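Asker: With mature numbering (1 follows the signal peptide of the UniProt record, and there is no 0) applied, the sequence shown corresponds to residues -19 to -1, 1 to 408, in that order. Glycine included, each C-beta is placed from N, C-alpha and C at the ideal position. These numbers come from a predicted model, not from an experiment. Pasting a structure below so you can have a look.
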Amino acid sequence: MKKLMTAVAAASLTLSAAAHDIVPGEPQQQPILLQGGTLYTITNGIKQDTDLLLVDGKISAMGKNLATPEGAQVIDVTGKHLYPGVIAMDTTLGLKEIEAVRATEDSDETGAVTPEVSGHVAYNPDSEVIPTIRYNGISHAQIVPQGELITGRSSLLQLDGWTYEDAGERLDIGVHVNWPRVGVSNSWWETRSPEEQRKANAEARKNLKRAFIEAKAYYDAKQAGELKGTDLRWEAMLGLFDGSGMLFVHADDQRQIQEAMELTKEFGFDWVLMGARDAWRMADELAAAEIRVVYGAPFGLPTRHDEAFDQAFSTPATLAQAGVDFAISYPGYWDVRNLAFAAGNAVAYGLDKEAALRAITLTPAEFMGVADRVGSLDVGKQATVVISDGDLLDPIGQKVDMLFIEGRLVDLNNRHLQLYNKYQQKP
């Protein structure tokens, strides 16, 4: 990431409000018994009037009328809704603070091919934005570096911790690629001629394939013990070829998706399609190819004159009907708080409610290789639990009362809540 120490030091006096003063939760000290709630387990349906026992940061037991362990804290959650923590994919949380202040933004690196960049390195756990996201039940976020072509590797972090080491759920999950543009733009900000655009698009595709070819050659040479030196770029991409890492391809246009399908098949990559605005146009094809999709335009406007006004809203239902394995994301940072509401909106436009919950909990965990730890309420998994007075997917009824991450009670105070309480008192 860009070196911003000087700029940050110069701005520190004026930007002191950019760091929150909320202390991360203490590790779980005693058993916690949550009694009588409605449990949305994701894997085993909905369980009414059921207890949940949290011990040493894990779910120890689940059932009706569980015995209270000695020294346990008992919390009555009768009438409340309990969910696994929501997992936000494709975010820049902790990498951006105030877009108008350059010293608070460290989301991208110089250069078009930078796979060696790791999103968690620049992550700021003191960002004022993070507590506002947790307030809506989001416990984990995938931190994705931004850039031109090959942008770097993402990491999955818990949204409560002193450092990224504390918060790290899984670091350097996989490499991210922004698929080169296709077609020609006639937008007012595009100053290049159509011919210049086509040439630039072709050059970008050529550069992307060249990078994969060079990375594969590096991998083969390393396997054969014939390397003459170390290249950090290709070291970061080794996991694509030995199966330990995955490729995240950001592509929206149908033509981009088709190109990505061809190239990833050629190299045999384990990959996930991100963004996927046009996935509805080729849902059957994606399902047949067993391509995992992270749909990132749940509140998007129509992109073509002949598209329905609700195309973005109904796409998750279309993907589900076709049998596509998909998650829902809300790319960005401060607006990530609306992720659960985006899933709820998809329910209003035809998606099954349990499928919507899965798309923001267990499926993201599966895509990032952590489903054995998070993403559902199962005995043995992390005690990462959201407790809400109302439906988590309903922007009117939702009211998150408590959030536990690995049994730690998270402080839900945040800047937005403080401002709300302040102006409630204004004459």
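What number of angstroms, rounded off, separates the C-alpha of residue 16 from the C-alpha of residue 392?
Answerer: About 21 Å.
Asker: Using CA coordinates, which residue listed in 56, 407, 140 and 25 is at the minimum distance from residue 34?
Answerer: 56
Asker: Alpha carbon to alpha carbon, how far is residue 394 from residue 64?
Answerer: Their backbone Cα atoms lie some 20 Å apart in a straight line.
Asker: By how many angstroms is the C-alpha of residue 121 removed from the C-alpha of residue 266?
Answerer: 31 Å
Asker: Give the C-beta separation of residue 429 and residue 110 to the nearest angstrom, bearing in mind that I take them to be a contact with Cβ-Cβ under 8 Å.
Answerer: Here the chain covers residues -19 to 408 and nothing more, so residue 429 does not appear.
Asker: In the DSSP assignment, find the alpha helix (DSSP H) that holds residue 398 and state where it starts and stops.
Answerer: 396 to 405
Asker: Output the boundary residues of the alpha helix (DSSP H) element that contains residue 245.
Answerer: 235 to 248
Asker: Measure the CB-CB distance between residue 103 and residue 137 and report whether it falls below 8 Å.
Answerer: no
Asker: What are the boundary residues of the beta strand (DSSP E) that residue 229 is part of?
Answerer: 227 to 232
Asker: Would you list the one or two residues that DSSP bridges to residue 19?
Answerer: 62
Asker: Considering only residues of the same chain and omitting the five flanking positions on each side of residue 18, which have a CB-CB separation below 6 Å?
Answerer: Answer for residue 18: 58, 61 and 63, listed in chain order.
Asker: Use the C-beta contact count for residue 245: other C-beta atoms within 10 angstroms, 16 or more gives buried, fewer gives exposed.
Answerer: Label assigned to residue 245: buried.
Asker: Excluding sequence positions up to five away, which residues of its chain have a Cβ less than 8 Å from the Cβ of residue 50?
Answerer: 12, 14, 34 and 36
Asker: Quick one, which of 350, 366 and 349 has its alpha-carbon nearest residue 357's?
Answerer: 366
Asker: Over what stretch of residues does the beta strand (DSSP E) that includes residue 31 continue unbroken?
Answerer: Counting along the chain, the beta strand (DSSP E) containing residue 31 begins and ends at 27 to 36.
Asker: How is the alpha helix (DSSP H) around residue 274 delimited, first residue to last?
Answerer: Counting along the chain, residue 274 falls outside any alpha helix (DSSP H), though it belongs to the beta strand (DSSP E) covering 273 to 276.
Asker: Tell me which same chain residues have a C-beta within less than 8 Å of the C-beta of residue 92, skipping the five on either side of it?
Answerer: 128 and 129
Asker: If you follow the beta strand (DSSP E) that residue 39 is part of, which residue opens it and which one closes it?
Answerer: 39 to 44 is the span of the beta strand (DSSP E), which, as asked, contains residue 39.
Asker: Please go through the region 126 to 172 and give each complete beta strand (DSSP E) segment of 3 or more residues, from N-terminal end onward.
Answerer: 131 to 139 and 149 to 159
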